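Remarks on the structure that follows.
Written out as structure tokens, the structure reads:
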């Protein structure tokens, strides 16, 4: 049969101009129609509903197929009403379900009767749930749900309650439902429950439905369709196929269709392959095949037109795809080019940075060396500075003392010579020496040297102008004396009498010249010393307001940090002058300890530095700033 | 049987019932014979309506019975030719069930239920108790 094939009804009239049924299904429908003596009676409600459902599934647009049996159907429906209407309350749940199915499928349903049956059915199931919940059959609940959904007789609360019962009864291990609570999982029960959930709450129960399908599919894939149920069981195959038709892949469905068709006889299906056809199995198989679309075929003309459309669309899509691919390729190439350019740029920048780092490292080394030299110079200056803090007499130290002893000795010799001379000649070591050559050059410097031992010398040396003035004054006195002596030789006796030495004016003049020369030497010494001291004074300027202990802070800092590696010392110095200096003592101590630990400074140095930091942070803010400023300048 | 009767008595006493109804008996049976109930439930789980009707007829039958007699008993007003066809399928199905379950037995082409407790368990599973 092809397009425009006419399927004849029983009376030979055309059923549908473009409808096509495979011969097998057609013969099966014919078998059902022919078997109406079996099912078209009130005592066979279940079979009647099943057969009518199958026939309606095969011929959805109705009804000439049933024309020949219209009267029989009408009589059947009347018979059903007469048989059951007076004893609805005595009917079991299965019969009530079948009655509802039949009544709801009528063209003009008897709503009053439907309502009373609905109430009775709900009462029946609720009573069973309350009294013997373990005995409830899930297949029955599923059937009730479906039929009540179709008659709109089920309230939402009740439907939810039954759905929850079904959800609770699902087996956690592997999924699926048993026929009743105490049983093993059943493929038929699972299939019928999925069917009911699909009909009643497909969205809310989507997860449960999926789990049920995931239970059925592996059973079919692993064992094959023929081993479902009790084996070679058309009833189980038809039930499962009817459900999976809406949920599974075409591979599984095709296999199910093939298996079911293989089990068919010439005119329908029996309980097992090739056993005599029965109304129940034929109806079930037809319903399953109808669910799979085996009764629906697309006409060749429509298929051809649609195929052409699809081909054109596919070509367009392929062209779009190709264009898209080219665009993407181009875009990627552009982006890659930009990325490569960026990479080259970053590489050159990295090289530049490497060079800069190398230069900076060299500069750092140079700076470290310079800092070390500066530090050494600073230490030297600091030593010098500390020496300047001593009284001048002490700075002369031991050498000055020894010099004083010798000079006293010379002075004594000079005095002895001056006292014991005869005619100005001293006999010494067998030599005749003029006493003036001994007393004059030795005595006067000895007197000066002796003067430096006096405490008043400290004041003079501190203010060089005085000392210099003294020297020049002495020189001037001597010059005056010698000038007087030069004018009047007798006047020289004043000095001669003082030292019991006969000194000529020329000698006195010579002494004055010596004094002048000595003053000049002292002057030169003081000038040199003043230059040195300028640097010390500069060092002292920053600390002059903070007391005498601040330079020692600076020195101690450099003493401690000198043993720390250069970069660490730099870091430490930076943190000290930038952060620690402004912190409270306790916070600063904790911070310093943390920094030292982080910089991995060895424990001895760490303790010393912490001790120093503690003392440093005990200073007032101005002193801290002075010390840190100095450290920052010298580091 | 005595134990079951005792169970029913105890349950009725607990519920302070003067006269127990069938649900108490069913509950006690289920508690005392859970394995039999489970076997019966599993036996009926994947059955078609025809086979179910045949099993119900078997439960009502006092002794062994053939497939055609079962069909005739279950489907009184079905034409005989169809009864013959249906009995073929019923016999096939019951034979399969007999092979997989200890509840059913067959001898001389007739089917029977092996023990009385299985019979009641089957009645429970078929909702005819």
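Chains as they are written, first to last, in the numbering used here: chain D, 577 to 1211; chain F, 54 to 182.
Ideal Cβ placement from N, Cα and C applies to all residues, glycine included.
Computed from a prediction, not measured in an experiment: that's the story for all the values here.
Could you name the residues of chain D that residue i contacts, counting a contact when the two beta carbons are closer than 9 angstroms?
| i | result |
| --- | --- |
| residue 155 (chain F) | Per Cβ cutoff of 9 angstroms: no residues; residue 155 (chain F) is ~15 angstroms from chain D at best. |
| residue 126 (chain F) | Those do not exist, as residue 126 (chain F) stays about 13 angstroms from chain D at its closest Cβ, beyond 9 angstroms. |
| residue 168 (chain F) | Ordered by position in chain D, no residue passes the 9 angstroms Cβ test against residue 168 (chain F), which lies about 18 angstroms from the chain. |
Hey, out of the options, whose CA is closest to residue i's CA?
| i | options | result |
| --- | --- | --- |
| residue 665 (chain D) | D:620, D:677, D:648 and D:691 | D:691 |
| residue 161 (chain F) | F:132, F:67, F:57 and F:120 | F:120 |
| residue 954 (chain D) | D:932, D:842, D:1134 and D:929 | D:1134 |
| residue 674 (chain D) | D:699, D:650 and D:629 | D:629 |
| residue 806 (chain D) | F:153, F:111, F:61 and F:55 | F:153 |
| residue 54 (chain F) | F:168, F:126 and F:103 | F:168 |
| residue 721 (chain D) | D:669, D:751, D:671 and D:776 | D:776 |
| residue 946 (chain D) | D:1209, D:678, D:625 and D:662 | D:1209 |
| residue 193 (chain F) | F:96, F:85, F:151 and F:65 | Given a span of 54 to 182 for chain F in the structure shown, any question on residue 193 (chain F) remains unanswerable. |
| residue 148 (chain F) | F:83, F:100, F:180 and F:64 | F:100 |
| residue 667 (chain D) | D:693, D:685 and D:835 | D:693 |
| residue 1185 (chain D) | D:657, D:764, D:1170 and D:1160 | D:1170 |
| residue 960 (chain D) | D:906, D:1131, D:792 and D:938 | D:1131 |
| residue 102 (chain F) | F:122, F:83, F:146 and F:113 | F:146 |
| residue 701 (chain D) | D:737, D:679 and D:680 | D:737 |
| residue 872 (chain D) | D:1168, D:915, D:1180 and D:602 | D:602 |
| residue 753 (chain D) | D:1100, D:792, D:929 and D:622 | D:792 |
Which residues in chain F sit within 9 angstroms of residue i, going by Cβ to Cβ distance?
| i | result |
| --- | --- |
| residue 611 (chain D) | 135 |
| residue 652 (chain D) | Neighbours of residue 652 (chain D) on chain F: none; closest Cβ ~13 angstroms, over 9 angstroms. |
| residue 809 (chain D) | 99, 101, 146 and 149 |
| residue 627 (chain D) | What residue 627 (chain D) touches in chain F: nothing, since even the nearest Cβ is about 12 angstroms away. |
| residue 859 (chain D) | Correct list: empty, because the minimum Cβ distance to chain F is about 10 angstroms. |
| residue 839 (chain D) | Per Cβ cutoff of 9 angstroms: no residues; residue 839 (chain D) is ~12 angstroms from chain F at best. |
| residue 718 (chain D) | By Cβ distance, chain F contributes nothing, its closest Cβ being about 13 angstroms from residue 718 (chain D), past 9 angstroms. |
| residue 819 (chain D) | Here the premise fails: no neighbours, minimum Cβ distance about 14 angstroms. |
| residue 765 (chain D) | 98 and 99 |
So which residues on chain F does residue i lean against when the C-beta distance must stay under 8 angstroms?
| i | result |
| --- | --- |
| residue 791 (chain D) | Residues of chain F passing the Cβ test: none, with the nearest at roughly 14 angstroms. |
| residue 864 (chain D) | Correct list: empty, because the minimum Cβ distance to chain F is about 13 angstroms. |
| residue 851 (chain D) | 141, 142 and 145 |
| residue 617 (chain D) | 130 |
| residue 805 (chain D) | 99 |
| residue 812 (chain D) | 99 |
| residue 867 (chain D) | Within 8 angstroms Cβ-Cβ: nothing; residue 867 (chain D) doesn't reach chain F, min ~18 angstroms. |
Using a threshold of 7 angstroms, is the CB atom of residue i nearer than that to any non-hydrogen atom of the ligand FMN?
| i | result |
| --- | --- |
| residue 666 (chain D) | By its list of ligands, the structure shown contains no ligand whatsoever, and the ligand FMN lies outside what it can speak to. |
Can you list the residues of chain F that residue i reaches, using a CB-CB cut of under 7 angstroms?
| i | result |
| --- | --- |
| residue 854 (chain D) | 103, 138, 139 and 142 |
| residue 710 (chain D) | 83 |
| residue 848 (chain D) | 145 |
| residue 762 (chain D) | 98 and 99 |
| residue 656 (chain D) | Within chain F, no residue comes near residue 656 (chain D); the closest Cβ sits about 14 angstroms away, beyond 7 angstroms. |
Kindly list, in the order they appear in chain D, the residues whose Cβ is closer than 7 angstroms to that of residue i.
| i | result |
| --- | --- |
| residue 91 (chain F) | 758 and 759 |
| residue 95 (chain F) | 759 and 760 |
| residue 177 (chain F) | 711 |
| residue 122 (chain F) | None at all; the shortest Cβ gap to chain D is about 18 angstroms. |
Which residues of chain D have a Cβ atom closer than 8 angstroms to the Cβ of residue i, listed in chain order?
| i | result |
| --- | --- |
| residue 165 (chain F) | Within chain D, no residue comes near residue 165 (chain F); the closest Cβ sits about 19 angstroms away, beyond 8 angstroms. |
For the stretch 60 to 76 of chain F, which residues have a CB atom closer than 8 angstroms to at least one CB atom of chain D, in sequence order? Here the close residues are 76.
Is it the case that the stretch 646 to 655 of chain D contacts the stretch 876 to 893 of chain D, given that we only count it when at least three CB pairs across the two stretches are under 8 angstroms? The stretch 646 to 655 of chain D and the stretch 876 to 893 of chain D do not touch, with fewer than three beta-carbon pairs separated by less than 8 angstroms.
Write down every uninterrupted run of the alpha helix (DSSP H) in the stretch 825 to 912 of chain D whose length is 4 residues or greater and which is fully enclosed by it, in chain order. DSSP runs (the alpha helix (DSSP H)) wholly in the stretch 825 to 912 of chain D: 826 to 838 and 855 to 867.
Can you give me, in chain order, the residues of the stretch 727 to 755 of chain D that have a beta carbon less than 8 angstroms from any beta carbon in chain F? Residues of the stretch 727 to 755 of chain D with a C-beta atom less than 8 angstroms from some C-beta of chain F are 754 and 755, listed in chain order.
Which residues of the stretch 685 to 710 of chain D have a Cβ closer than 9 angstroms to any Cβ of chain F? Give them in chain order. The residues in question are 704, 707, 708 and 710.
Are the stretch 700 to 712 of chain D and the stretch 722 to 732 of chain D touching, with three or more C-beta to C-beta distances below 8 angstroms? The answer is no - the stretch 722 to 732 of chain D does not touch the stretch 700 to 712 of chain D, with fewer than three Cβ pairs under 8 angstroms.
Every unbroken alpha helix (DSSP H) within the stretch 112 to 140 of chain F, with a cutoff of 4 residues, ordered by chain: For the stretch 112 to 140 of chain F, whole alpha helix (DSSP H) runs of length 4 or above, ordered along the chain, are 120 to 127.
Interface residues of the stretch 105 to 119 of chain F facing chain D [CB-CB below 8 angstroms]: Near chain D, meaning a CB-to-CB distance below 8 angstroms, no residue of the stretch 105 to 119 of chain F qualifies.
Say whether the stretch 740 to 753 of chain D touches the stretch 778 to 787 of chain D, bearing in mind that this needs 3 or more beta-carbon pairs closer than 8 angstroms, one atom from each stretch. By the Cβ rule, the stretch 740 to 753 of chain D counts as touching the stretch 778 to 787 of chain D, because three or more pairs are nearer than 8 angstroms.
In chain order, what are the residue ranges of uninterrupted alpha helix (DSSP H) at least 4 long that sit wholly in the stretch 1129 to 1198 of chain D? 1142 to 1154, 1161 to 1174 and 1179 to 1193, all fully within the stretch 1129 to 1198 of chain D.
Taking contact to mean 3 or more Cβ pairs, one atom from each stretch, closer than 8 angstroms, check whether the stretch 827 to 846 of chain D and the stretch 763 to 780 of chain D are in contact. The answer is no - the stretch 763 to 780 of chain D does not touch the stretch 827 to 846 of chain D, with fewer than three Cβ pairs under 8 angstroms.
Count Cβ pairs between the stretch 901 to 909 of chain D and the stretch 839 to 859 of chain D that sit closer than 8 angstroms; are there 3 or more? As far as the Cβ criterion goes, the stretch 901 to 909 of chain D does not touch the stretch 839 to 859 of chain D, which means the pair count is below three.
Are the stretch 1175 to 1185 of chain D and the stretch 1141 to 1157 of chain D touching by the rule of at least three beta carbon pairs closer than 8 angstroms? Yes, since at least three Cβ pairs between the stretch 1175 to 1185 of chain D and the stretch 1141 to 1157 of chain D fall closer than 8 angstroms, the two stretches touch.
Kindly confirm or deny that the stretch 755 to 771 of chain D and the stretch 90 to 100 of chain F touch, where touching means at least three C-beta pairs closer than 8 angstroms. Yes, the stretch 755 to 771 of chain D touches the stretch 90 to 100 of chain F.
Please confirm if the stretch 126 to 135 of chain F is in contact with the stretch 102 to 116 of chain F, defined as three or more CB-CB distances below 8 angstroms between the two stretches. Output reads yes: the stretch 102 to 116 of chain F touches the stretch 126 to 135 of chain F.
So does the stretch 68 to 87 of chain F actually touch the stretch 1196 to 1207 of chain D, counting three or more Cβ pairs closer than 8 angstroms? Contact between the stretch 68 to 87 of chain F and the stretch 1196 to 1207 of chain D is absent: fewer than 3 CB-CB pairs across the two stretches fall below 8 angstroms.
Secondary structure, alpha helix (DSSP H): runs of 4+ residues fully inside the stretch 592 to 616 of chain D: Within the stretch 592 to 616 of chain D, the complete alpha helix (DSSP H) runs of at least 4 residues are 599 to 610 and 612 to 615.
Unbroken alpha helix (DSSP H) runs of length 4 or more, entirely within the stretch 722 to 771 of chain D: which are they? Complete alpha helix (DSSP H) runs here, min 4: 732 to 745.
What residue ranges within the stretch 667 to 704 of chain D form continuous alpha helix (DSSP H) runs of no fewer than 4 residues, ordered along the chain? Runs of the alpha helix (DSSP H) inside the stretch 667 to 704 of chain D: 669 to 680.
Pairing CB atoms from the stretch 70 to 89 of chain F with CB atoms from the stretch 133 to 141 of chain F, are three or more of them under 8 angstroms? As far as the Cβ criterion goes, the stretch 70 to 89 of chain F does not touch the stretch 133 to 141 of chain F, which means the pair count is below three.
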